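Comments concern the structure below.
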Amino acid sequence: MRNEETGPICSSEQLESVRQLVGPDEPALFTVLQQLTKEYDEKTTLHLAKEFCFMCHSYESKRVGMEFLYMNGFDEDLQKLIEINCSSNDETSQEWGYVYQHVLNRRLYKLDYQKNILEFLNEYKTEDLNLQALKLFLRIYSHCDIQDFKKIEDYHDELTASLLHIDNTLLRIYFQMRENELMFHYHWKRNELEIARTYAFNILDNTLSNYEKKCYTLLCLSQTYIFEGYDKSKEYADRALRISKEHNLTYMRQAIEKQVIPFISASNGIYKGVETTEPSEVAHLAIAAGNLDKAIEILSNFEYLTPFQEYYLGLAKNDKNLLYNSYKRLKEEYQDVFFANLPLKELKKRGWDKNEEEVNYVN
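Going left to right, the sequence shown walks through residues 7 to 369 as our numbering numbers them.
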């Protein structure tokens, strides 16, 4: 998250320029962002806009500021702004603070917070159209957290309709970005790649999409090309890597270098010059290099195999049962038709007929 950054980002003069915007006739947060974008680089703009969220007098800007902080990864600052809104004299701001506390807690605690989110969704009622849309996002996220991605389709029409009622410009843009993110992953998992990539490009082209979001979208986009050749896949991974280095996104850089690039390389039979310390991808690269015994040794040490690790072990052992189990798990547990094509392709190479009885391939 952006809170990893240390040291001053903005000068005292820059902060003073933001402070001068504050007052009875202060501009909306979206207008402030537009103005700052014309004067400063992206990182400075984001940090100055963050400061405005705390300086501003407007209840609305303080409320919308929570979405701004959330979408830009300022989690520690979001917690502070949530507390400010919760203690506000404005009842609407109090309600927004209450909801965003659940939004933040879900991000921070993930599945450990699942029960709390479900209780909140079942009990919380509101007349606020903005919060109704946010609650719907939370409901969809709660299903995605447990790999139930079909709910994206089930709720999509309702979500699209709810976004029509968002009248704050910045909030509407960020909610549309949330929708694009959901639809990208939904269509990617369904192997509907042209549609998925359209949503990904929407995120990349959005002027309010920050470098962290662009980096993540690019590394996901790179994986959508693994069945279409190495070059395009590597091109997007390299773009993501450049952003991670330029903006010191350490955790993202590690994911790209240790997982994504080795994965797309080994998936295309490329292993020379590719290095990683991530055991699963070490095994994957060993398979690409023909060192099957090494791969089997590594993977056999895992107490529990993910569907991807089971796929790797099936490759190394030339075991159709393992490949089939991986295929079924990816399709059923993960609802991931796209990545299920990895073991499916290998099964077909080994003469598997999709119409055969499944029992022939299950232990």
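In this text, a Cβ means the ideal position worked out from N, Cα and C, and glycines have one as well. Keep in mind that this is a model prediction, so the values were computed, not measured.
> Mapping DSSP to helix, strand and coil, what is residue 206?
Replying inline: helix
> Does the beta-carbon of residue 331 have 16 or more other beta-carbons within 10 angstroms, so that it is buried, or is it exposed?
Replying inline: buried
> Could you give the C-beta distance for residue 293 and residue 318, rounded to a whole number, given that I count them as a contact under 8 Å?
Replying inline: The C-beta distance from residue 293 to residue 318 rounds to 6 Å, short enough to meet the 8 Å contact threshold.
>> Classify residue 115: buried if its beta carbon has 16 or more other beta carbons within 10 angstroms, exposed otherwise.
In response: exposed
>> Let me check understanding here. Comparing Cα to Cα, which of 191, 210, 137 and 269 lies closest to residue 181?
In response: 137
> When DSSP labels each residue in this structure, what does residue 274 get in the three-state scheme?
Replying inline: coil
>> Excluding the 5 residues flanking residue 24 on each side, which residues of the same chain have their C-beta closer than 7 Å to its C-beta?
In response: Once the five neighbours on either side are set aside, the close Cβ partners of residue 24 are 54, 57, 58 and 61.
> Any idea if residue 20 is buried or exposed, counting beta-carbon neighbours within 10 angstroms, 16 or more meaning buried?
Replying inline: buried
>> Rounded to whole angstroms, what is the Cα-Cα separation between residue 179 and residue 188?
In response: In a straight line, the C-alpha of residue 179 is about 14 Å away from that of residue 188.
> Does residue 219 get closer than 8 Å to chain D when you measure Cβ to Cβ?
Replying inline: Among the protein chains of the structure shown there is no chain D, as only one such chain exists.
> Which word fits residue 67, buried or exposed, when buried means at least 16 other C-beta atoms lie within 10 angstroms of its C-beta?
Replying inline: Residue 67 should be labelled buried.
> Is the beta carbon of residue 69 less than 8 Å from the beta carbon of residue 91?
Replying inline: Contact flag set, yes.
> Looking at the structure shown, is residue 63 part of a helix, part of a strand, or coil, going by DSSP?
Replying inline: coil
>> Can you tell me whether residue 31 is buried or exposed? The criterion is at least 16 other CB atoms within 10 Å of its CB, across all chains shown.
In response: exposed
> If you count every other CB in all the chains shown that lies within 10 Å of the CB of residue 278, and 16 or more means buried, which is it?
Replying inline: exposed
> What are the start and end residues of each continuous beta strand (DSSP E) run of 3 or more residues lying completely inside the stretch 186 to 238, in chain order?
Replying inline: none
>> Quick check on residue 117: buried or exposed, where buried means 16 or more other Cβ atoms within 10 Å of its Cβ?
In response: exposed
> Roughly how many whole angstroms lie between the Cα atoms of residue 192 and residue 198?
Replying inline: Looking at the backbone, the Cα of residue 192 and that of residue 198 are separated by about 9 Å.
> residue 231 and residue 276 look like a contact to me (Cβ under 8 Å); what is the Cβ gap, rounded to whole Å?
Replying inline: Their Cβ separation, rounded to whole angstroms, is 14 Å, which puts residue 231 and residue 276 out of contact at 8 Å.
> From residue 323 to residue 194, what distance separates their C-alpha atoms?
Replying inline: Between the C-alpha atoms of residue 323 and residue 194 there is a straight-line separation of about 29 Å.
> Under 8 Å between the Cβ atoms of residue 225 and residue 288?
Replying inline: no
>> Suppose you measure from the CA of residue 104 to the CA of residue 64; what does that come to, to the nearest Å?
In response: Pairing residue 104 with residue 64, the inter-Cα distance amounts to about 18 Å.
>> Alpha carbons only, please: which of 360, 49, 250 and 190 is nearest the one belonging to residue 205?
In response: 190
> What are the boundary residues of the alpha helix (DSSP H) that includes residue 162?
Replying inline: 156 to 169
>> Helix, strand or coil for residue 53? Go by DSSP, reduced to three states.
In response: In this structure, residue 53 counts as helix in the three-state DSSP scheme.
> residue 100: buried (16+ other C-beta within 10 angstroms of its C-beta) or exposed?
Replying inline: If you draw a 10 Å sphere on the C-beta of residue 100, you find fewer than 16 other C-beta atoms in it, and that means exposed.
> If you draw a straight line from the alpha carbon of residue 46 to that of residue 126, how long is it in whole angstroms?
Replying inline: 40 Å
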